[in-house]
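The structure appears below as structure tokens.
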Amino acid sequence: MDPRDLSSHSPYVPGRGVEEVARDLGLDPDELIKLSSNENPHGASPDAVDAIRAHAAGISVYPKASHADLTDRLAEKWDVTTDQVWLSPGADGSIDYLSRAMLEPDDRILVPDPGFAYYAMSARYHHGEVATYPLARDSDFDQTAEGVLSAYDGERVVYVTSPHNPSGSVMSLPEVRALADATGPETLVVVDEAYGEFADEESAVSLLADRDDVAVLRTFSKAYGLAGLRIGYAIVPEAWADAYARVNTPFAASELACRAALAALDDDEHVETSIETARWAREYIAAELDADTYESAGNFVLAEVGDAGTVAEAAQREGVIIRDCTSFGLPSCVRISTGTREGTREAVATLNDVLADLELGVHA
Ligand SMILES: Cc1ncc(COP(=O)(O)O)c(C=O)c1O
Numbered sequence: 014m015d016p017r018d019l020s021s022h023s024p025y026v027p028g029r030g031v032e033e034v035a036r037d038l039g040l041d042p043d044e045l046i047k048l049s050s051n052e053n054p055h056g057a058s059p060d061a062v063d064a065i066r067a068h069a070a071g072i073s074v075y076p077k078a079s080h081a082d083l084t085d086r087l088a089e090k091w092d093v094t095t096d097q098v099w100l101s102p103g104a105d106g107s108i109d110y111l112s113r114a115m116l117e118p119d120d121r122i123l124v125p126d127p128g129f130a131y132y133a134m135s136a137r138y139h140h141g142e143v144a145t146y147p148l149a150r151d152s153d154f155d156q157t158a159e160g161v162l163s164a165y166d167g168e169r170v171v172y173v174t175s176p177h178n179p180s181g182s183v184m185s186l187p188e189v190r191a192l193a194d195a196t197g198p199e200t201l202v203v204v205d206e207a208y209g210e211f212a213d214e215e216s217a218v219s220l221l222a223d224r225d226d227v228a229v230l231r232t233f234s235k236a237y238g239l240a241g242l243r244i245g246y247a248i249v250p251e252a253w254a255d256a257y258a259r260v261n262t263p264f265a266a267s268e269l270a271c272r273a274a275l276a277a278l279d280d281d282e283h284v285e286t287s288i289e290t291a292r293w294a295r296e297y298i299a300a301e302l303d304a305d306t307y308e309s310a311g312n313f314v315l316a317e318v319g320d321a322g323t324v325a326e327a328a329q330r331e332g333v334i335i336r337d338c339t340s341f342g343l344p345s346c347v348r349i350s351t352g353t354r355e356g357t358r359e360a361v362a363t364l365n366d367v368l369a370d371l372e373l374g375v376h377a
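For the sequence shown, my numbering puts the final residue at 377, and the numbers step up evenly by one.
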């Protein structure tokens, strides 16, 4: 027997891992600088690691108290009710929960192109259809309500990624409000703020105080450095918040993920250092890389390098792993995650050597 027809489903293409690349190249993983998955170069909050150790023996029990504690803590942080906080395995899990809650078969979603692949994947798993709105490189991937509305045709869910992956552009809060005002009453605008901590924009969570057609995604994977734990959440409108109980996978977030997230939320020093480093590094990359870059509000920078596949491969041979953006439909671009100060300097120097060599035909 076969699974259902999955021909319209494309597999997610993650950035390559250090161990995988080290094995391929016969190198020590410690010699590599991985800047391909927008992870936190400072690692996890040390308090989160301590919390995992302290609660390790508790993993034989389903997570109830920790789930409730984290939900309470996030509700307090965002000034929303606990029902409005939907914990999930990563922000990806929240995308699935929103698909489950919103989509009837054949309902359509509207997503940015280029953009984060999982919105479309999740909609298709849930028998939905996908339409796209363009973000144009010649306007620096500028995000406006008008740009989204030019492609809008009554879709059930409209995704806005702010800061946008892979370009780093943002949609301002007034533009998000204008978009939600202009879309139909049965359209949910989902603002994905996976990289929100690195930006200067106010979160779209504030819009939920007086409207029921906006939801916001946040994650502990980036600024909090907990990508390996898979913990994120959605903040949803109060009006239909009780849908969570009907759509979530039981015990949506693990015991250790909840404990670590609680500890990370209280570790201001770690998150502030992480944000400060990302802001420094994105400026440094823009100033020092010998390639055109796009202004970024995230912990990564998109750069125009000619043939992205060749550049990413050559950089990898020199020990720097970056993201070839061909899978985003941008074959001339690479995305470079921000590293530590030392790692970023080293990576930019290596990339500049690679770009210079390619210009001279050395790696051709
Ligand atoms: C724009 C965007 N949204 C959501 C996610 C998912 O993050 P996670 O599932 O790790 O919370 C990512 C991950 O890279 C992302 O780039």
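Note that beta-carbon positions come from the ideal geometry of N, C-alpha and C, so glycine has one too.
Is it buried or exposed, residue i, if we count other Cβ atoms within 10 angstroms and call 16 or more buried?
| i | result |
| --- | --- |
| A316 | buried |
| H22 | exposed |
| P127 | buried |
| A369 | exposed |
| H140 | exposed |
| P179 | buried |
| T262 | exposed |
| I298 | buried |
| F264 | exposed |
| G181 | buried |
| Y380 | Nothing can be reported for residue 380: it is not among the residues displayed for the chain, which extend from 14 to 377. |
| Y307 | buried |
| A149 | exposed |
| G160 | buried |
| A78 | exposed |
| Y25 | exposed |
Where do the N-terminal and C-terminal ends of the beta strand (DSSP E) with residue i fall, by residue?
| i | result |
| --- | --- |
| D126 | R121 to D126 |
| K47 | I46 to L48 |
| G245 | G245 to I248 |
| L315 | F313 to E317 |
| V218 | Here V218 belongs to no beta strand (DSSP E), and DSSP marks it neither H nor E. |
| L230 | V227 to T232 |
| T145 | E142 to P147 |
| D337 | V333 to D337 |
| R17 | Premise fails: R17 is in no beta strand (DSSP E) and is neither H nor E. |
| V324 | Run containing V324: none in the beta strand (DSSP E); it sits in the alpha helix (DSSP H), A321 to R330. |
| S309 | It is not in any beta strand (DSSP E) - S309 carries neither H nor E in the DSSP assignment. |
Sorted by chain position, which residues of the same chain lie with C-beta nearer than 8 Å to residue i's C-beta, five sequence neighbours on each side aside?
| i | result |
| --- | --- |
| A144 | R121, I122, L123, V124, A164, D166 and E168 |
| T94 | A88, E251 and A254 |
| E142 | D119, D120, R121, I122 and A136 |
| H55 | G238, H283, T286, S287, T290 and T353 |
| D63 | A276 |
| E52 | S234, K235, G238, A240 and S350 |
| D18 | none |
| K90 | L278 |
Which residues in the same chain as residue i place their Cβ atom closer than 6 Å to its Cβ, once the five residues preceding and following it in sequence are excluded?
| i | result |
| --- | --- |
| D280 | S58 and D60 |
| A377 | A caution first: A377 carries a pLDDT of 49, below 50, which makes its placement in the model too unreliable to give a value. |
| E214 | V183 |
| V318 | A304, V324 and V347 |
Anyone know if the C-beta pair for residue i and residue j falls short of 8 Å?
| i | j | result |
| --- | --- | --- |
| S107 | A277 | no |
| L230 | G245 | yes |
| V183 | V202 | no |
| I46 | G332 | yes |
| A310 | L364 | no |
| A379 | L83 | Nothing can be reported for residue 379, as the shown portion of the chain is limited to 14 through 377. |
| P102 | R243 | yes |
| H80 | L100 | yes |
| V227 | A114 | no |
| L162 | L192 | yes |
| F211 | P176 | yes |
| Y110 | Y257 | yes |
| P42 | V31 | yes |
| A300 | T357 | no |
State the start and end residues of the unbroken alpha helix (DSSP H) segment that holds residue i.
| i | result |
| --- | --- |
| Y131 | Y131 to Y138 |
| D255 | Counting along the chain, D255 falls outside any alpha helix (DSSP H), and DSSP gives it neither H nor E. |
| A212 | That residue, A212, is in no alpha helix (DSSP H); it is neither H nor E in DSSP. |
| E33 | V31 to L38 |
| E372 | R354 to L373 |
| S287 | D281 to E301 |
| R272 | E268 to L278 |
Quick one: residues in its chain with C-beta nearer than 7 Å to the C-beta of residue i, no 5 flanking neighbours on either side, listed in chain order?
| i | result |
| --- | --- |
| E296 | none |
| S49 | G28, R29, I334, I335, R336 and S350 |
| Y132 | I108, I122, V124 and Y172 |
| T432 | Summary: the structure shown does not reach residue 432, with the chain confined to residues 14 through 377, and so no result is reported for it. |
| T174 | P125, G128, F129 and D205 |
| S216 | E206, G209 and V229 |
| F341 | P127 and P179 |
| R66 | none |
| D85 | T95 |
Could you tell me whether the Cβ of residue i comes closer than 8 Å to any Cβ of chain D?
| i | result |
| --- | --- |
| I46 | Although the question refers to chain D, the structure presented lacks it and comprises just one protein chain. |
Give, in chain order, every unbroken run of the beta strand (DSSP E) that is at least 3 residues long and sits entirely within the segment 157 to 202. At a cut-off of 3 residues, the continuous stretches assigned as beta strand (DSSP E) that sit fully inside the segment 157 to 202 are 170 to 174.
Going along the chain, which unbroken runs of the alpha helix (DSSP H) with 4 or more residues stay wholly within the segment 40 to 88? Entirely contained in the segment 40 to 88, the alpha helix (DSSP H) runs reaching 4 residues are, in chain order, 59 to 68.
Continuous alpha helix (DSSP H) assignments of at least 4 residues falling wholly in the segment 89 to 119: The segment 89 to 119 contains these whole alpha helix (DSSP H) runs: 103 to 115.
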